[in-house]
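Have a look at the structure below, then the notes.
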Amino acid sequence: MRVLDIDLDFFLADCCPLAELGHRPSLPGHEPWEASAVRAFLENQCGLSRTAPKPGRIFETHDGALRFWEEQIAAGRLTAPFDVTHVDAHSDLGIGYPGPNFVLFNVLSMPVQKRLDYTAFYAQKKLDEANYLLFALAMRRISSLDNVRNPRSRADIPQVLLDADGNIHLNSLTAQMFAAKNGAEPTVPFRVYDDYRDFRAAGAYDFVTLAISPRYAPKEADGLVEVVGKYIKKEKNFCNGC
54 MRVLDIDLDF FLADCCPLAE LGHRPSLPGH EPWEASAVRA FLENQCGLSR TAPKPGRIFE
114 THDGALRFWE EQIAAGRLTA PFDVTHVDAH SDLGIGYPGP NFVLFNVLSM PVQKRLDYTA
174 FYAQKKLDEA NYLLFALAMR RISSLDNVRN PRSRADIPQV LLDADGNIHL NSLTAQMFAA
234 KNGAEPTVPF RVYDDYRDFR AAGAYDFVTL AISPRYAPKE ADGLVEVVGK YIKKEKNFCN
294 GC
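If you use the working numbering, the sequence shown corresponds to residues 54 to 295, in order.
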């Protein structure tokens, strides 16, 4: 199965510095795309249609995607592992605090079934909107990952996560020590599109989600939530009052 995982900050002229809690980035230099350009990307490159919206959800922060996926798996509507297209100005693979080491050395020591209790990682303040994809990989939910980036995205993919071929292979001495018990960590095909114009969806998506990510996008970008929302079935949506 295939999921399209979008962040509003992809549709900006440039990446925003992270705003303080409760604040939004300033507009100058970070202007949102025109609605027509957003529609062209979603329809021509992602294969979406306003007349046949896909099931999904709109949420405030991007780690909502992980919670949504787990809900769909529990309901029998999504089968893991699945392919993820991550359309975002950031990789969300844990370049910032606490970094990838918690996953590589702590999470990978756990049996896979225990890793699935993501609420424990929230309680430890280790899981957030900047690393939820790394946790999803450790949970073995993702079979392949495409990262479609903003043309002005900064380098934020932790190289320690990649093998010699540029694919994702979570590995550490801890993982190797527990491999007999937990099984070898899978290699996940990983492709980065630094120029989004090179991307074309390989097939139809089963689910589409959108994160507003208010600390990463100026409030003027919120008008695009409704634009993207036309491609997502409205039931069960959370869209911050839209």
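Note that CB positions come from ideal geometry on N, CA and C, so glycine has one too.
- Here the region 76 to 94 does not lie against the region 233 to 241, with fewer than 3 beta-carbon pairs under 8 angstroms apart.
- When only Cα atoms are considered, G117 and A264 end up about 8 angstroms apart.
- Secondary structure of K178 (DSSP, three-state): coil.
- The beta carbon of E73 lies closer than 7 angstroms to none in the same chain, with the five residues before and after it left out.
- Proximity of the region 264 to 273 to the region 61 to 75 meets the contact definition, three or more beta-carbon pairs being nearer than 8 angstroms.
- Apart from the 5 residues on each side of it in sequence, D199 sits with its Cβ closer than 6 angstroms to the Cβ of T138, R244 in its chain, given in chain order.
- Under DSSP, S225 forms no beta bridge with any residue.
- Within the region 121 to 208, the alpha helix (DSSP H) runs of at least 4 residues that lie entirely inside it are, in chain order, 165 to 168, 171 to 176, 185 to 191.
- If you ignore the 5 residues before and after R168, its C-beta comes within less than 7 angstroms of the C-beta of V160, A191, M192, all in its own chain and listed in chain order.
- Residue state for Y246 is assigned as strand, using DSSP reduced to three classes.
- Beyond the five residues adjoining it in sequence on each side, A257 comes within less than 8 angstroms, by CB distance, of R55, G100 in the same chain, given in chain order.
- Annotation for R92: the continuous alpha helix (DSSP H) segment containing it runs 88 to 93.
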